[in-house]
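Here is the structure we will look at.
There are 2 protein chains.
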Amino acid sequence: QLLELVVSHFQPKVLAGRKLLITAGPTYEAIDPVRGITNRSSGKMGFAIARAAAEAGADVTLVAGPVHLPTPQGVRRIDVMSARDMLDAVLPLAASNDVFVATAAVADWRPAQAADHKIKKNAAPGEAQVPHLALAENPDILATIAALPHPPLCVGFAAESQDLVKHAREKRQRKNVPLIVGNLGPATFGQDDNTLVLVDARGERELSRADKLTLARELVRDIAQRLTTYPA
Amino acid sequence: QLLELVVSHFQPKVLAGRKLLITAGPTYEAIDPVRGITNRSSGKMGFAIARAAAEAGADVTLVAGPVHLPTPQGVRRIDVMSARDMLDAVLPLAASNDVFVATAAVADWRPAQAADHKIKKNAAPGEAQVPHLALAENPDILATIAALPHPPLCVGFAAESQDLVKHAREKRQRKNVPLIVGNLGPATFGQDDNTLVLVDARGERELSRADKLTLARELVRDIAQRLTTYPA
Chain A
1 QLLELVVSHF QPKVLAGRKL LITAGPTYEA IDPVRGITNR SSGKMGFAIA RAAAEAGADV
61 TLVAGPVHLP TPQGVRRIDV MSARDMLDAV LPLAASNDVF VATAAVADWR PAQAADHKIK
121 KNAAPGEAQV PHLALAENPD ILATIAALPH PPLCVGFAAE SQDLVKHARE KRQRKNVPLI
181 VGNLGPATFG QDDNTLVLVD ARGERELSRA DKLTLARELV RDIAQRLTTY PA
Chain B
1001 QLLELVVSHF QPKVLAGRKL LITAGPTYEA IDPVRGITNR SSGKMGFAIA RAAAEAGADV
1061 TLVAGPVHLP TPQGVRRIDV MSARDMLDAV LPLAASNDVF VATAAVADWR PAQAADHKIK
1121 KNAAPGEAQV PHLALAENPD ILATIAALPH PPLCVGFAAE SQDLVKHARE KRQRKNVPLI
1181 VGNLGPATFG QDDNTLVLVD ARGERELSRA DKLTLARELV RDIAQRLTTY PA
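So the sequences go chain by chain: A and B.
Residue 1 is where the first sequence starts when you use the numbering used here, and the numbers rise one by one after that.
Residue 1001 is where the second sequence starts when you use the numbering used here, and the numbers rise one by one after that.
Spelled out as structure tokens, the structure:
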């Protein structure tokens, strides 16, 4: 415990004077006042990166979906529910940050219309609820930030259940960001360990399996290195 | 803390020799390996009832959906994800229990087909994912248990955002159970306080606003009283 505090304290201050904005956790898209669509992201990887960045001297703002995690020391936290809430929180802050790390597992879709009252299972005859949910596409937070006139250094995450590197490469091009960090989502959600693969314009680099804080510190060092030549 | 332990210890043993089976929390219905439909139930009310029943001397089995709560002392816990998992856990245990308390906010519907791999947002041209989710009805756990040849005393919960007593009465008749406990779901999800209304064949009784453990103890006393004349 004490050792851990000392280790935290003596992390190299590679992000001193830098501002980092990070999203973490799932989003929750309301179907009605009770139900919603979410995903199995625990937020642990994002919270570990927020912590590692704060240890490295950065001014960190963490925009978190609904998770059950304590705020890392020295980190400013903003809690949100839906993807649109998250974009509303992130957008006004993005331009004044040096780095934007999008670890949140943002819902791609939301119910097209959230009901004001709980949808009844047994509706009266003639008004039966069709068991079918119309969806609308959510804003793409990472692509929106990356398309700003003077974007921060954008780092995306790809959680995939298969073909990780292929999907990460495609995602990097589609979102037009310098770095995508791939992880095998379903295998790591909620776990304390992870394996990451960093995909940039030059190729891939795998960070070998470790606890999320160790990986977060490696990623922070990588980001600090990239900042020295950003914008190119 | 110590006082609380003493208070717990000296609760009247009104359920001594009785077996109580209880469900709590939300269920999680997978859309694909990453996404799912869930609801905002925290499980706190159900966990409080499990604790109060154990304090009252009952042998308690708690079947819990995905929640972030510690298991109350002396309670046997079975963790499940989906409504069908929950039914699978509950069904073989129901007949050997004296009481079944269904506090879980069980999903009424699940995606008709859970995808084996993460559904891609940007599918290749010609195979675009239609933003639309086909749903299938979940089993009704409470009604299934209540319809057993020799059912335990069944207690249902109704979380409604409006017309609470009306909905609770209808639910009691539809599920054919002696007691439905109504609460204003969206207003109480995740809260430590609650207001309950007990709806049975004779009418309603409101338990005034209190912390969930206090309400749970009142409910346990009410259930113990009903057991003395059950089966009628």
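Heads up, the beta-carbon is just placed ideally off N, CA and C, and yes, glycines get one too.
Just so you know, these numbers come straight off a predicted model, no measurement behind them.
- Item | Sheet register partners of Lys1019 of chain B (DSSP bridge) | B:Asp1059
- Query: Can you tell which of A:Ala94, A:Thr71, A:Ile78 and A:Trp109 has its C-alpha closest to the C-alpha of Thr144 of chain A?
  - Reply: A:Ala94
- Query: Along chain A, in chain order, which residues have C-beta atoms closer than 9 Å to that of Ile1037 of chain B?
  - Reply: Ile31, Arg35, Gly36, Ile37, Thr38 and Leu133
- Hey, would you say Pro92 of chain A sits closer than 8 Å to Ser1161 of chain B, going by beta carbons? no
- Any C-beta of chain B sitting closer than 8 Å to the C-beta of Glu218 of chain A? no
- Message: Rounded to whole angstroms, what is the Cα-Cα separation between Ala16 of chain A and Asp98 of chain A?
- Response: 11 Å
- Query: Got a sec: is the Cβ-Cβ distance from Asp1108 of chain B to anything in chain A below 8 Å?
  - Reply: yes
- Hey, Ile1223 of chain B and Val1155 of chain B are a contact pair by Cβ (cut 8 Å); roughly how many whole angstroms apart? 6 Å
- Message: Quick check on DSSP: helix, strand or coil for Glu1127 of chain B?
- Response: At Glu1127 of chain B the pLDDT is 45, less than 50, meaning the model places this residue with poor confidence; the figure from the coordinates comes in the next sentence. Coil at Glu1127 of chain B, not helix or strand.
- Task: Determine, using beta carbons only, whether Lys121 of chain A comes closer than 8 Å to chain B.
- Result: yes
- Do we get a CB-CB distance below 8 Å when we pair Glu1160 of chain B with the residues of chain A? yes
- Compute the distance between the beta-carbons of Ala1105 of chain B and Ala1053 of chain B, then report whether it is under 8 Å. no
- Message: Using 8 Å for Cβ pairs, my map puts Leu1135 of chain B next to Arg1110 of chain B. What's the rounded Cβ distance?
- Response: 7 Å
- Item | Contact set for Asp108 of chain A: own chain, Cβ-Cβ below 8 Å, skip 5 residues either direction | Glu137 and Asn138
- Three-state secondary structure (DSSP) of Ala94 of chain A: helix
- Going by other Cβ atoms of all chains shown within 10 Å of its Cβ, with 16 needed for buried, is Ser208 of chain A buried or exposed? exposed
- Task: Would you kindly work out how many angstroms separate the C-alpha atoms of Leu153 of chain A and Glu29 of chain A, rounded to a whole number?
- Result: 28 Å
- Task: To the nearest angstrom, report how far apart Arg40 of chain A and Asp1200 of chain B are at their CA atoms.
- Result: 38 Å
- Tell whether a beta-carbon distance below 8 Å holds between Gly25 of chain A and Ala64 of chain A. yes
- Query: Of all the alpha helix (DSSP H) runs that stay within the bounds of the segment 172 to 203 of chain A, which reach a length of 4 or more residues?
  - Reply: 185 to 188
- My guess is that Leu87 of chain A and Ile141 of chain A are in contact by the Cβ rule of under 8 Å, so how many angstroms apart are they, rounded? 5 Å
- Message: Considering just the uninterrupted stretch of the alpha helix (DSSP H) at Ala216 of chain A, what are its terminal residues?
- Response: Lys212 to Leu227
- Task: Determine the direct distance from the alpha carbon of Ile1049 of chain B to that of Asp211 of chain A, and round the result to whole angstroms.
- Result: 37 Å
- Message: So, at 6 Å on beta carbons, what are the nonlocal neighbours of Thr71 of chain A in its own chain, with the 5 sequence-adjacent residues on each side left out?
- Response: Arg77
- Tell me which same chain residues have a C-beta within less than 7 Å of the C-beta of Asp1079 of chain B, skipping the five on either side of it? Ala1064
- For the segment 137 to 161 of chain A, which segments carrying the alpha helix (DSSP H) assignment without a break, of at least 4 residues, lie completely within its bounds, in sequence order? 141 to 146
- Message: Is His9 of chain A a contact residue of the ligand MN, with contact defined as CB to any heavy atom under 7 Å?
- Response: For the ligand MN, the structure offers nothing, since it holds no ligand at all.
- Task: Return the residue from the list B:Val1067, B:Ala1114 and B:Arg1174 that minimises the CA-CA distance to Ala1146 of chain B.
- Result: B:Arg1174
- Are Val14 of chain A and Ala83 of chain A touching if we call contact CB-CB under 8 Å? no
- Between the C-alpha atoms of Asp192 of chain A and Pro1066 of chain B, what's the straight-line distance to the nearest angstrom? 18 Å
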